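Let me begin by presenting the structure, written as structure tokens, before commenting on it.
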Amino acid sequence: MSRLRSRRALLASIATSIAVTTGGFEYGASDPSGRLLESGTVPADWYECRDVARPEPDSPDDADALEPLEYPAPPSQSCFEGQRPPSNRSSATRSDGDPDRSDCSPASGQISGASQYVIAFERAYQRNAFIERYRSAARTVELRRIDYRTAAIGSSPNADAVLVALRYDLTTGTRQSSRDSRVQWDIRTTYYVDDRSAFRARYSGVAEELTFVPDPRTRGELVACFG
């Protein structure tokens, strides 16, 4: 049996016709990502779970150093109920409330569970990345969420997947700079989460509105695999 090609290798091998448009990219008809954009979800054969890429540092020897955070468990499978035909419908919501409380009731569907998962995941990702870089010298990593936005792919109560856009400030400090911590303002990341996987992308531009750019489905990196 031939080895499935990784999502990264597949995408790298595809000759695409890309036109820059307001808010993102437009793909040529010959690009297999058209299949993704039609359904809104990432096909399972686009990636392999062994391609997951995320910082996972070892625990430091220094007792005063920061300990790595475990990545959160995937959103409850009960939040992704049923299998429906592909749909290009997307229900977007913006919340000024607190998504840190999970609610997978039919009224909220996956949206609350996915947003809770993404915020916890991003906290672990940033902390672990800082520890991986500074090791035992790492002392402070604090993520302060400013805003977030979600979009259910499919019907809102029982969606096929969820997009989450997150905006936050990040405070970091090392043993040498613990009294003069560095603050990175207005960091923006986007996530795609379904019942099999999670993809993450980081926005590097300047924008007034919080959007799902870059699209984590086509511009993101596989950071978690559940199946």
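UniProt numbering puts the first residue of the sequence shown at 1, with every later residue one more than the last. Every residue, glycine too, gets a C-beta built ideally from N, C-alpha and C. Quantities reported herein were computed from a predicted structural model and do not represent experimental measurements.
Secondary structure of residue i, DSSP reduced to three states
i: L210; result: coil
i: V162; result: strand
i: F226; result: coil
i: E67; result: coil
i: R133; result: helix
Span separating the alpha-carbon of residue i from that of residue j
i: A63; j: Q176; result: 16 Å
i: V141; j: T41; result: 33 Å
i: W46; j: E221; result: 12 Å
i: R196; j: E56; result: 20 Å
i: R188; j: D61; result: 32 Å
i: R219; j: A201; result: 6 Å
i: R174; j: Y148; result: Checking the sequence shown, residue 174 turns out to be Thr, not Arg. The straight-line gap from Cα to Cα measures roughly 28 Å.
i: R217; j: E208; result: 22 Å
i: D58; j: S204; result: 28 Å
Expected contact under 8 Å - CB spacing of residue i and residue j to nearest Å
i: P68; j: N128; result: 5 Å
i: Y117; j: V193; result: 6 Å
Where residue i falls, given that 16 or more other Cβ within 10 Å makes a residue buried
i: G227; result: exposed
i: A44; result: exposed
i: V164; result: buried
i: D180; result: exposed
i: D51; result: exposed
Same chain only: Cβ atoms within 7 Å of residue i, ignoring 5 sequence neighbours per side
i: P75; result: Q110, G113, A114, Y117 and V193
i: L143; result: E122, R123, Q126, Y168 and L170
Same chain, Cβ closer than 6 Å to residue i, five either side skipped, listed in chain order
i: P72; result: Y117, A120 and F121
i: L210; result: D147, R149, A165 and R167
i: L66; result: I131 and A138
i: residue 253; result: Lying outside 1 to 227, the shown extent of the chain, residue 253 is not represented and no answer is given.
i: T190; result: A165, A201, F212 and P216
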